[in-house]
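**Q**
In structure tokens, the structure reads:
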């Protein structure tokens with residue numbers, strides 16, 4: 001009887017749990033706490049955290065991450081992760097985002113496109129910084145994309161360039177997206193004066209349906225001709241937006257923006273979490289990457305604000321610099337935070353629609369930046 005109990009105990013995962021696995025359980029618990037108690041990106045952090053838990057119950061025992069072999073069909077998480085490894089999930093996420101996104105705010109005030117572009121400076125500055133710290137070109141490009149505050153784009157380029165860094169880069173990107181309500185106000189207030197935060201902007205003009213329909217078509221063609229490698233992301237983003245603006249395929253819009261987006265988000269985030277095994281995640285370079293992710297994100301916010309200030313030197317109708325901070329890709333969180341900061345200074349100031357311009361431009365900008373890296377780095 002005793003031998004049977006001992007044999008059973010040896011067959012359980014208790015005999016194979018390491019201190020690293022326990023640390024990862026703690027990280028997963030922290031992410032779940034932040035997601036639930038602080039309501040910080042729960043749709044993303046909860047699946048990621050549970051994926052971490054699944055991957056850190058020793059996979060040699062569970063077999064959940066095992067690839068298929070002659071003696072086994074493979075673990076369920078291995079199959080789920082193939083959508084991540086093959087780069088399928090991020091474009092599908094962009095399809096859903098496109099079906100939800102209204103680009104008319106950007107079209108009504110086209111100058112805000114430059115703010116969305118300026119906010120991508122954090123990507124390229126952090127790319128250079130990562131090279132200084134000894135990362136390869138492909139690893140540095142993957143780390144730099146964190147500055148775009150665009151989780152799917154970070155995952156897309158990292159899965160192709162540096163899959164060994166996928167877990168830390170993805171978790172860094174989504175962590176900083178979740179911290180937007182904390183980081184963006186802090187940086188924005190440091191970089192602007194009260195007078196600047198009180199600037200009121202003219203109401204945006206009404207955009208015609210023809211403009212809204214032509215925009216995704218022309219953007220796809222132009223971006224594909226200039227940066228072909230960005231087409232998987234930009235093409236799906238604009239396809240989703242075309243479905244929305246056409247106004248005659250409501251079922252497809254609902255499918256893309258709800259059923260496909262929600263389903264793929266679950267699969268993507270669980271896959272990301274499942275890649276965060278203790279032996280992969282708990283390395284000194286992970287802390288360095290997390291720190292550079294913070295630099296990338298903060299630099300992007302600062303760049304957007306500074307460029308708005310530069311534009312104000314030449315514009316008759318001044319821009320509220322707070323909308324420059326919304327040039328990162330976290331739609332619509334960055335815009336809402338910019339609006340909240342403006343109303344703290346003047347309750348009658350309404351800049352949400354103006355902030356959405358650089359915000360959605362940032363989505364395009366980060367995808368184009370990824371395409372540039374994919375085109376230039378071999």
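In UniProt numbering, the protein residues as written are 1 to 378. C-beta: ideal position from N, C-alpha, C; glycine also. What you are looking at is a predicted structure, and each value in this text was computed from that prediction instead of being measured.
Taking the alpha-carbon positions, what's the residue 294 to residue 199 distance?
**A** One-based indexing of the chain shown puts residue 294 at position 294. One-based indexing of the chain shown puts residue 199 at position 199. For residue 294 and residue 199, the distance between alpha carbons rounds to 28 Å.
**Q** By a C-beta neighbour count over all protein chains shown, 10 Å radius and 16 as the cutoff for buried, is residue 160 buried or exposed?
**A** As a working mapping, residue 160 is identified with position 160 in the chain shown. Its Cβ being crowded by 16 or more others within 10 Å, residue 160 is buried.
**Q** Whole angstroms are fine: how far does the CA of residue 246 sit from the CA of residue 216?
**A** Working through the chain shown from its first residue, we reach residue 216 at position 216. Working through the chain shown from its first residue, we reach residue 246 at position 246. Each residue's alpha carbon lies about 11 Å from the other.
**Q** Distance, Cα to Cα, residue 378 vs residue 136?
**A** Residue 378 sits at position 378 when you count from the first residue of the chain shown. Residue 136 sits at position 136 when you count from the first residue of the chain shown. If you take the alpha carbons of residue 378 and residue 136, they lie about 11 Å apart.
**Q** I need the straight-line Cα distance from residue 389 to residue 130, nearest angstrom please.
**A** Lying before the first or after the last residue shown, residue 389 is absent from the chain, which here runs from 1 to 378.
**Q** Helix, strand or coil: how does DSSP classify residue 227 here?
**A** Taking the chain shown and counting its residues from 1, one reaches residue 227 at position 227. Here residue 227 sits in coil by DSSP.
**Q** Looking at C-alpha atoms only, which residue of 149, 309, 158 and 291 is the closest neighbour of residue 320?
**A** Working through the chain shown from its first residue, we reach residue 320 at position 320. Ranking the options by Cα distance to residue 320, first place goes to 309.
**Q** Taking only three categories from DSSP, how would you classify residue 120?
**A** Reading the chain shown from its first residue, position 120 is the one you call residue 120. Reduced to three states, the DSSP call for residue 120 is coil.
**Q** Pairs of beta-carbons, one from the stretch 251-271 and one from the stretch 103-123, closer than 8 Å: are there three or more?
**A** Contact between the stretch 251-271 and the stretch 103-123 is absent, because fewer than three Cβ pairs lie under 8 Å.
**Q** I think residue 334 touches residue 180, with their Cβ atoms under 8 Å apart; what is that distance to the nearest whole Å?
**A** On the chain shown, position 334 is the one that residue 334 refers to. On the chain shown, position 180 is the one that residue 180 refers to. Yes, they are in contact, since the Cβ atoms of residue 334 and residue 180 sit about 6 Å apart, within 8 Å.
**Q** Determine the burial state of residue 132: buried for a count of at least 16 other Cβ atoms within 10 Å of its Cβ, exposed for fewer.
**A** Looking up residue 132 in the chain shown gives position 132. Its Cβ having fewer than 16 others within 10 Å, residue 132 is exposed.
**Q** Pull up the CB-CB distance for residue 243 and residue 99, whole angstroms please, since I reckon it's below 8 Å.
**A** Position 243 of the chain shown, counted from the first residue, corresponds to residue 243. Position 99 of the chain shown, counted from the first residue, corresponds to residue 99. Yes, they are in contact, since the Cβ atoms of residue 243 and residue 99 sit about 6 Å apart, within 8 Å.
**Q** Just the Cα atoms here: how many angstroms apart are residue 27 and residue 201?
**A** Translated into positions along the chain shown, residue 27 becomes position 27. Translated into positions along the chain shown, residue 201 becomes position 201. The alpha-carbon atoms of residue 27 and residue 201 are separated by roughly 43 Å.
**Q** Look at residue 355 and residue 339 and say whether their C-beta atoms are less than 9 Å apart.
**A** Walking along the chain shown from the start, residue 355 turns up at place 355. Walking along the chain shown from the start, residue 339 turns up at place 339. Yes.
**Q** Only counting runs of 4 or more residues, tell me where the alpha helix (DSSP H) segments fall wholly within the stretch 249-327, in order along the chain.
**A** Here the runs fully enclosed are 250-254, 261-274, 278-281, 284-312 and 322-325.
**Q** With a Cβ-Cβ cutoff of 9 Å, do residue 24 and residue 281 count as a contact?
**A** If you number the chain shown from 1, residue 24 lands on position 24. If you number the chain shown from 1, residue 281 lands on position 281. Yes. Within cutoff.
**Q** Taking only three categories from DSSP, how would you classify residue 238?
**A** As a working mapping, residue 238 is identified with position 238 in the chain shown. It is helical.
**Q** Would you kindly check if the distance between the Cβ of residue 207 and the Cβ of residue 303 is under 9 Å?
**A** In the chain shown, residue 303 corresponds to position 303, counting from 1. In the chain shown, residue 207 corresponds to position 207, counting from 1. For residue 303 and residue 207, no; Cβs fall outside 9 Å.
**Q** List the endpoints of the continuous alpha helix (DSSP H) containing residue 174.
**A** Here residue 174 refers to the residue found at position 174 of the chain shown. Taken as a continuous stretch (DSSP letters only), the alpha helix (DSSP H) holding residue 174 covers 166-178.
**Q** Between residue 125 and the rest of its own chain, which residues show a CB-CB distance below 6 Å, the 5 nearest in sequence each way excluded?
**A** Here residue 125 refers to the residue found at position 125 when the chain shown is read from its first residue. So the list reads 299, once near-sequence residues are dropped.
**Q** Could you check the C-alpha separation between residue 78 and residue 67 for me, to the nearest Å?
**A** Mapped onto the chain shown, residue 78 falls at position 78. Mapped onto the chain shown, residue 67 falls at position 67. In a straight line, the C-alpha of residue 78 is about 6 Å away from that of residue 67.
**Q** For residue 84 and residue 233, what's the separation of their Cα atoms in angstroms?
**A** Here residue 84 refers to the residue found at position 84 when the chain shown is read from its first residue. Here residue 233 refers to the residue found at position 233 when the chain shown is read from its first residue. If you take the alpha carbons of residue 84 and residue 233, they lie about 14 Å apart.
**Q** With residue 356 as the anchor, note down where its alpha helix (DSSP H) starts and where it stops.
**A** Numbered from its first residue, the chain shown carries residue 356 at position 356. Unbroken alpha helix (DSSP H) run through residue 356: 352-376.
**Q** Taking the alpha helix (DSSP H) that residue 41 belongs to, which residues open and close that run?
**A** Numbered from its first residue, the chain shown carries residue 41 at position 41. Note, residue 41: premise wrong, no alpha helix (DSSP H); not H, not E.
**Q** Can you say whether residue 205 is buried or exposed, counting buried as having 16 or more other CB atoms within 10 angstroms of its CB?
**A** Start at 1 with the first residue of the chain shown, and residue 205 comes out as number 205. It is exposed - the Cβ of residue 205 has fewer than 16 other Cβ atoms within 10 Å.
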